[in-house]
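K.L.:
Residue numbers (our numbering), protein chains in the order written: chain A, 53 to 586; chain B, -17 to 684; chain C, 2 to 104; chain D, 13 to 515. Note that beta-carbon positions come from the ideal geometry of N, C-alpha and C, so glycine has one too. Here the structure is a predicted model, which is why all the values come from computation and not from measurement.
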C-alpha cells in the first residue's frame, strides 16, 4: 500500500472506466450509468485514502522533498539534438496542501455530478464517455507537477467539455460551446507559449550533475535553476518575465473567469446540462485560480509581488461587478452563474493578500464555492426539471409547495452569502482578514466588503421571488425532492455545515503549504532582489 | 462548586435550544406535538440559567469565568509566528443577568405562543425558529470574543429574517424580512470592518486579550483617531441590530411578524443585543466614539418618539417606542452611565415584552385588528390584559414604584451629570423631552385602546379575555415591572444588589487622553469636600464622575417625575377628557404632523436613493455586460451587424457557430481572401505575377 | 554591321518572357495560353545558350536547353490532351469560362 | 575515360537503388497492364511490392552520406543523405497508403480499365519526387519537378468524365507550366551569373562578394516561385483549392502530402546548400546576405497560414476545407524553415511525419464517406457522428490533431515548431502562429459540430464500412494517438535525419 501509485490510480481510473464503457452496448444504459457511478465512487474513496495518508506538516509548493504521494518516472527522454540539449519530460505527479483540497473537491463534485447526470436522455454512452474523459483531465491538472503534463491535462478537458455542452446542452448550446472552447483555447495557447519560454529559461540538474532544460515546475521555482540569458530568466537583464506573466495570468484568468474575460461563463452555464454546470462551477473555475497559485505565484514571485495590487483590483471588480450583474438577472441559472463570478472574485482578492490568512481563505473559498455553487446549480436543475423554466418571475410561493426543496435551497443561499455556521462565512471572513492584513490592498478589501451586502441583496431577493409570496396556480402540482436529489443534496449540505462549524478540517490540510508559500514569496523579494536589483 | 461547572452549564444552556431547533425542524412534519419538546427544552434552559445566575452571582460575584478552546489553528505564520483563533464562553455578572432575562422572556413567549399561534399551518416550524433564535441569542450573551459575537450576530439576523417573514405568503412580510436582514447587513459591514481592524492590530478576537493590549497602549495604526474609528465601526453593528438612527427603518416593518416574535426579538432581546455589544466593548471606547454613540442614541431616542405620537397601529407605536427606549440605553452608554444602561436594558426587556404580549393578546382578541382607532373600551372585556398593560405603560413612562422609573431616572441622571461635567446639556434636554413624549404617546395608546367607548362594535362584542397560557406570561412580566425586584427603596436603585454588587462599571482600557476628561482615573473633584469615600460609595471611573452622578440624582429624579406627569396629563386632556382636540392641533401644525405621521419619510428617501441607485447600476452593468463587454471581448458588435448585412452568406456561417464578432471579423477577412479565389486561372496568374513584383520590391536587400 | 552581344540575346529573351506572360494573361483560348508557356520556356532556353556561349561555361547550357525542349514537347502533349478533354466536357476551350471550381 | 570514372558511375547507380527500383516497377506495371489487361487486380500488388523493395533500399542506405553522378571535382548531381532519405521514406510510405486508398476509392474503381496508367503515373510521380529530394543540381531539380508535375497533371484529371476533374487538370497544367517556366528562367539567370548549375559549386562561387546581387536575388525569387507553387505557399497557392477539390480524393491526398513533402525537401536543400555561409554550434545557419531569406520566409509563412486558415472558415466542401487547411499547415511548416536552424529542420521533419498520418487519415475518412454518400459537402455530414460513430470519431480525432490539441500527435508537431521559434527568440511570430491555431479551431470544430451537434433533416443512413477500411483507418489513427503521448522514436528519427550532405 505504501508505494501504490494512488495518484495515477485516481487520475486514470476514469479512462479505464471509459474503455470498459466503450465495449458496453449503448442499450445497456443503466449499466453504463452505474459503472460511471462506481468509478466516481471509487475516486471519492481513493481521495479519502489520500486524505488519510496525507502528512499535514509537509509544505510542498516549491520543495520537491515535501510533496507527497510523488510519482516520478522518466516519460520522454530524448538525448537531444546537440543544440537543444536533452529534452526530458517526466511523468511527475504529487500533491501538497494546495492540491489535496482540490483533488478532494474534484472527487466529490464529480460523484455528485454523476448522480445528477442520471436523467440524461440522449446518447447516454457518449455522454458518460465524455464525462469520464473530462474527469481524468480535471484530476490530472490538480496532481501534475510537470508543466508539460499539466498542459496536456489542461487541454484534455476542452474537447469533452465542448461536446458535453454542445450536444447535451440547452437551445443555444452550440453558441455557448464554441464560445467556451474558443475562450479557453485562446487562454491555453498563451499558457503554451509561456511554457515553452520557461522551458528554455530554466534547467534541471540531473544525477550526473549535468544541467538540462526542463518542464519540471518545481525546478522552475528555484531561481538558481534559471539560465543566464533565457528570455524568461530573472538573471537576464532584459527578460520578458512581465509580459509572460501577464500572458500566463490571462490564460488562467479566462478559466476563473476574471472580468473582462468572464462573458463565456453565463452562456456556458445557462446552456449546459445541470451536471455539467455543477462540474463547470464546482471544479473547472477552480483550475484558473489553482493554476495561478501553482504556476504564476511560485515561478514568478518577483512579478507577482509587483502586480499583486492589480490582481486584488480585478478581484474586487469581479466581486462587485458580478454581484450587481447577478442582481439584474431574470434567469435563475444565469443569476447563479454571475454569483460565481462574484465569488471567484473573493478568491482573487484573498490570493492577492500574499499572507497566510488571505491565501488560506482563498483556497478554502475555492473549495467552499465548489460545494456551495454545485448545490445551487443542483437546486436550479431540480426546479428546471419540474417546471421547465428558469425565469425568476415565473415562480413564487414554492416554499409552500416544496418545503424540503426550499429548505435545501435556503441553506445553499445562506451559505453563499456567507452566513456564519456555514462554510461560506469562514472563507469570506478569512479573505477579508487577509486582504486587510496586507497594506497595499487594504482599501480594496474594505470596498470589497460591499460584496457581502450585495450578495445578501440578490440572494434574498431571489429567495423571495422563487419561494416566498403566494403560490402560483400552475405550480401546485410540483412534487418535492425525490430520493436521487436527496442523495445529491444531503452530502453537500453536510459538507457545507461541517466546514462552517469546523473549518480546521480543511485549513489544517493546507496550513503548512500556505505558510510555506507565504514564506517563499517573502524570501523571493530578497532572493530575486539580490539578482536583479528590485 | 468549581468554575468549570459554570462553563458546562453555560454550554448546555447555549446548545439546548439548538437541539430543540434541529429536532423540531426535522420531525416537524411527522410529529404534530413536537413543539412541546421545544417548549420543554426552553423551560429546562430557563431553570438552568437561573441556577447558573444563582451560582455566579452568589459564589463568584467578582471574577469572570472563561472557558475557551482553539477553533482554528493557522500554524506558525511567517513573521507573525503562531496564530490561532479561539472561541469560548465567558460568564460574568452581565452575562449571568442577561441570560436570565433572555431565557425567561423566551420561555414566556414560547408559552404565550402555544395559544397565540394555535392553528397555524407551520406551527411546529414556528417553534423551531424560536429555538434557533434563542440559541443564537444565548451565543451573543455568552461569547468571550468578538468573532463569535459576530457569528451569532448574523445568526440572530437569520432567525429574525425567518420569523419576520414567517407568514411569507404576505408580500409585505417577506419584504420586511428581506429589509430587516439587508439593513442589518449594512450595520454589520461596519462591525465587520471594525473586527478587521482589531484582528489586524491584535491578531486575536478575544475581548480580554484585546483589552490588555490596548491597556498596554497598543492601539490601531498607533493613532487615537483610528481607535475612535474602530469603536464607531463596531458600534455600527449596534446601530443596525438595535435599530438606531439612521438604520432604524427595519424595525417598524418587522412588526409583520407574529406578535410574540415582536415581543421576544424586536422588543426584549435581539434589539437589545446592540446595547449588549456596546456594553461588551465599552472599555475600549474612546471619548470620541462615546460622544458619537451618545449623539446617535439621542437622535434615535427623539425621532421615533415623535413618530410614535401619531401612529395608529398598536404595534407600530410600540415599535417606535422600542427604538426610542433603545436610544435611551445607547445614549446613557454614550454619556458614560454604563450600569444604568444595562439596568434599563433589563427593565425595558420586561415591560416592553409585556407591552407587546399585551398588544398581542388584544390583537388576538380583536381578530387581528391592529388599528387603535377601531378599539376602545376593552378594559371591561379583558381586565388582566388591561391591568398588566397599564403597569407596563407606567413603567415605560417612568412613574415611581415601577422598574422603568428606576432605570430611566438613572439614565436621565447620567445625562444630567454629563451636562454638569462637560457643560453640554443637549443630551439631558433630549432625555427629558423624550421622557415627556413617551409618557404622552404611551397613554394615548392605553386610553385609545382600553378606555372610552368601543368604536368598532361587533369586533368588540367578539373580544374576550385571553386563555391562561397567554395571561400567565403577562402577569409574570407585570410583576417583574415592579421596583421591588431591583431595590428595596423605590427611589434609589443603588441600594439593591443589582446595581450595588452585580452591575459594576468596568475598568477602562483606553489611553487616558483618549477618554472623556471626567473618566480619567486621575480626574479628582474640584473641591475635596465630601468625596465618594466620605459617604463610602465606591468610585466609578473617577472621583469627579462619581460625585457628579451623586449630585445629579435628586434633581434628575424630580425633573423626570415632572415631565412624565406632564406627558400623562396631556394624554388624558387630549384623549380621555377630550378637553383638547388632537385633530385641531394636528391642523395647526400640519407639516410637523405629516412629518411625524410619515415617519420622517425615511423609507421614501432610502428607496429613492440607495435602493434605486443600486438597482439602477446593476441593470446598467447587466446591460453593459450583455452588450459592451461581450462586444469588446469578442470584437465589436456593431461591426458585426454591419458586416452581416453586408453579406447574406454570413448568417449561415453565423448559425454555424461563428457567432462572436471576432468570428465575424475573421469571417470578414476570410471573405476577402475568398473574393480572390475566382476560379479563373488567369486571374491567379495575374495575382502571382503581381505579388512577385511586390516581393521583388519588398525584399531587394540593398 | 553591329556586333551582336550577350545583352542582345538577353533582351530578346526578356521580350519573349514578357510576351509569354502577357499572352497567358490575356488570351482566352487555352491553346494560346499554352503557347504563352512555350514562349517562357524558350526565353529561358535563349538565356541558357547565350550564357553558355558568351560565358564559356562549357556545354551545360546547351544540354539544359535540349532537356527543356524535350520537356516542353512532353508538356505540350499532356496539356493539349487535357485541353482536348476539356473540350469534350465543357465543349469550350475558353479559359475564363472554366471556373466551376471556386469559393 | 578511365575505369575509375566507370566505377564511380557504378557506385552512383548503387546509391540510387530506390529510384531504380521505382523505375523498374514502372516498367513492370506497364508490362503487366499490357499482358493481362483483363485482370487489373494484380497492379496494386505489383506496386506495393515495388514500394516495399524501394523502402527497404532506402532504410538500408539511410545513413549514407555521399554524392552520386559526380560533376567535376567533389560534388554530384544527386545527394544521398539522411535528410533526403527521410523524405524518400515518407514519400514511399505515403504512396503505399495512396495505393491502398485508390484500391478502395470509388472514383478510381469506376475507371478500372485505366488502372494501368493510373499506377504508372503515380510511380512516375514517386520517381520524380525521389529525385527532387536528393537533387543537388538545378538541371535535375527542374527535370524532376517537371516529371512530378506532368504525371500529376494527368492524375488530377484522371477520371475524365467528371467536369471538375478535367477543369482541375487544366488549371493545374497551366498554372504549373507557368510556375515551372518562371523557375526555369530563374535557373537560367543563375547559370548565367555563376556558370554552374550545381548547388554546391554555386555556393562556393557566390561566397565571393563581387556578384550582381540584384540579378541573383531576382533569380532566387523566380526559382522560389517554382518551388512555392509545389508546396502551395501563398501567394503561389491559388491552384491548390481548385485542384484539390477537383482531383480524385486519393490524388488530392497524395498531392497534399507527398508532393508537398518533396517540395519542402527541395526548398530546404536549395536554400541551405546554395546560400549557406556557416552553421554555428547551436545549429543556426548563417546565410549569405544576397537574399534575406529569413524575413522573406517569415512573411510568406505568416501570409500562407493566415490566408489558409481564414479562407478555410468559409468552406462547405470537405476537400476544399482540407485544401485550405493544408495551405495553413504549409505555413506552419515554413516557420520551421524560417528559423533557419537545424532545429527548425528537425521540427519540420517531425511535423511532416505526423502531418502525413493525420492528413492522410482525414482524407481517407472523407473518401470513405464520399464512397457511400457520394458527397463531400459539409451539410451531408450532419448527424454522421451518430449514424456512423466509428468514422465520426476517427475524423474528429484527425481534425483535433490537425488543430494541434494534446494529447494528439498534432500537438507535438506544433510544439516542436514553437520550441524552435521560441529558441530563436521569434516570439512575435510564435504568437501570430498561435493565434492562427485558434482561428483554425473555428473550421475544424465546425466539422465536428456538423457531425455531432447537428441533427440531419432526414436521419442519415448508417452505412457499413469494410473491415479493410476500418483497419486502414486504425493504422492511421494509432500513430496520431501514440505519438501524442510518446514521441521519443519520432524525435530520434528526426534527429538522425537532419544531417544534410555537406553541412
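Take every Cβ of the stretch 63 to 77 of chain D, pair it with every Cβ of the stretch 95 to 107 of chain D, and state whether three or more of those distances are shorter than 8 Å.
P.N.:
The stretch 63 to 77 of chain D is in contact with the stretch 95 to 107 of chain D.
K.L.:
My assumption, with CB atoms under 8 Å, is that residue 467/D sits in contact with residue 395/D. Please give the rounded CB distance.
P.N.:
The Cβ separation is near 5 Å, so the contact holds.
K.L.:
With a Cβ-Cβ cutoff of 8 Å, do residue 155/D and residue 201/D count as a contact?
P.N.:
It is not a contact, given that the beta carbons lie outside the stated cut-off.
K.L.:
Relative to the alpha-carbon of residue 214/B, which residue among 249/B, 268/B, 254/B has its alpha-carbon at the smallest distance?
P.N.:
With distances taken between Cα atoms, residue 214/B lies closest to 268/B.
K.L.:
Would you report the Cα separation of residue 373/A and residue 159/B, rounded to the nearest angstrom?
P.N.:
Approximately 25 Å between the Cα atoms of the pair.
K.L.:
Could you give the DSSP three-state label for residue 122/A: helix, strand or coil?
P.N.:
Correct three-state label for residue 122/A: strand.
K.L.:
Assuming residue 178/B and residue 256/B are in contact, meaning their beta carbons sit under 8 Å apart, how far apart are those beta carbons, in whole angstroms?
P.N.:
Their Cβ separation, rounded to whole angstroms, is 19 Å, which puts residue 178/B and residue 256/B out of contact at 8 Å.
K.L.:
Drop a sphere of 10 angstroms on the beta-carbon of residue 287/B, count the other beta-carbons inside from all chains shown, and report buried for 16 or more, exposed for fewer.
P.N.:
Result: buried.
K.L.:
Would the beta-carbon of residue 524/A fall within 8 Å of that of residue 448/A?
P.N.:
Against a cut-off of 8 Å, the Cβ pair of residue 448/A and residue 524/A comes out as a contact.
K.L.:
Counting C-beta neighbours from all protein chains within 10 Å, is the total for residue 23/C 16 or more, i.e. buried, or is it exposed?
P.N.:
Exposed.
K.L.:
So the alpha helix (DSSP H) residue 423/D belongs to, where does it begin and stop?
P.N.:
Counting along the chain, the alpha helix (DSSP H) containing residue 423/D begins and ends at 421 to 435.
K.L.:
Looking at chain C, is there any beta carbon in it that lies within less than 8 Å of the beta carbon of residue 640/B?
P.N.:
Reliability of the predicted coordinates at residue 640/B is poor, the pLDDT of 41 falling under 50, and the value obtained from them is presented with this limitation in mind. No, residue 640/B does not count as interfacial toward chain C.
K.L.:
With a CB to CB cut of under 7 Å and the five nearest residues on each side skipped, what residues in its chain are close to residue 87/D?
P.N.:
79, 148, 210, 212, 213, listed in sequence order.
K.L.:
When the distance is taken between beta carbons, is residue 302/B closer than 8 Å to residue 234/B?
P.N.:
Contact flag set, yes.
K.L.:
Should residue 64/D go down as buried or exposed, given a rule of 16 or more other Cβ atoms within 10 Å for buried?
P.N.:
Looking at its Cβ environment, which holds fewer than 16 other Cβ atoms inside 10 Å, residue 64/D is exposed.
K.L.:
Taking the C-alpha atoms as reference points, what is the distance between residue 473/B and residue 374/B?
P.N.:
Computed Cα separation, rounded: 18 Å.
K.L.:
Strictly below 8 Å CB to CB, what residues from chain C border residue 326/D?
P.N.:
The answer, in chain order, is 104.
K.L.:
One question on the structure: do residue 246/D and residue 325/D come within less than 8 Å of each other, judged by their Cβ atoms?
P.N.:
No, they are not a contact pair.
K.L.:
Residue 76/C CB to nearest chain G CB: under 8 Å?
P.N.:
The structure shown contains no chain G; its protein chains are A, B, C and D.
K.L.:
Looking at the structure shown, is residue 226/A part of a helix, part of a strand, or coil, going by DSSP?
P.N.:
Three-state DSSP puts residue 226/A in a helix.
K.L.:
Are the stretch 465 to 485 of chain B and the stretch 394 to 402 of chain B touching, with three or more C-beta to C-beta distances below 8 Å?
P.N.:
As far as the Cβ criterion goes, the stretch 465 to 485 of chain B does not touch the stretch 394 to 402 of chain B, which means the pair count is below three.
K.L.:
Rounded to whole angstroms, how far is the Cβ of residue 273/A from the Cβ of residue 363/A, which I believe are closer than 8 Å?
P.N.:
Residue 273/A to residue 363/A, Cβ: 19 Å. No contact.
K.L.:
The beta strand (DSSP E) that contains residue 271/A, what's its start and end?
P.N.:
From DSSP, residue 271/A is part of no beta strand (DSSP E) but of the alpha helix (DSSP H) over 269 to 272.
K.L.:
Just to confirm, is the Cβ distance from residue 34/B to residue -8/B under 8 Å?
P.N.:
Yes.
K.L.:
So what does DSSP say about residue 30/C, is it helix, strand or coil?
P.N.:
Three-state DSSP puts residue 30/C in a strand.
K.L.:
Let's see if you can read the secondary structure: which residues bound the beta strand (DSSP E) around residue 49/B?
P.N.:
Taken as a continuous stretch (DSSP letters only), the beta strand (DSSP E) holding residue 49/B covers 47 to 59.
K.L.:
How big is the Cα-Cα spacing for residue 635/B and residue 455/D?
P.N.:
Note that residue 635/B scores a pLDDT of 41, beneath 50, so its modelled location is shaky and nothing firm can be said.
K.L.:
Taking only beta-carbon positions, decide if residue 67/C is within less than 8 Å of chain D.
P.N.:
Cβ-Cβ to chain D under 8 Å: no for residue 67/C.
K.L.:
For residue 246/A, I'd like the list of residues in its chain whose CB is within less than 6 Å of its CB, leaving aside the five on either flank, ordered along the chain.
P.N.:
For residue 246/A, where only same-chain residues beyond five positions count, the Cβ hits under 6 Å are 296, 299, 300.
K.L.:
Where do the ends of the beta strand (DSSP E) carrying residue 288/D lie?
P.N.:
Per DSSP, residue 288/D belongs to the beta strand (DSSP E) from 288 to 291.
K.L.:
Check whether the stretch 278 to 291 of chain D touches the stretch 399 to 410 of chain D, counting contact only when three or more Cβ pairs, one atom from each stretch, lie closer than 8 Å.
P.N.:
No, the stretch 278 to 291 of chain D is not in contact with the stretch 399 to 410 of chain D.
K.L.:
Leaving aside the five residues before and after residue 378/D along the sequence, list all residues of the same chain whose C-beta is less than 8 Å from its C-beta, in chain order.
P.N.:
Within the same chain, residue 378/D has close Cβ partners 261, 330, 331, 334, 388, 407.
K.L.:
Against chain D, with Cβ distances strictly below 8 Å, would residue 668/B count as a contact?
P.N.:
Chain D contact via Cβ: absent.
K.L.:
In chain B, what lies closer than 8 Å to residue 528/A by C-beta?
P.N.:
Per Cβ cutoff of 8 Å: no residues; residue 528/A is ~13 Å from chain B at best.
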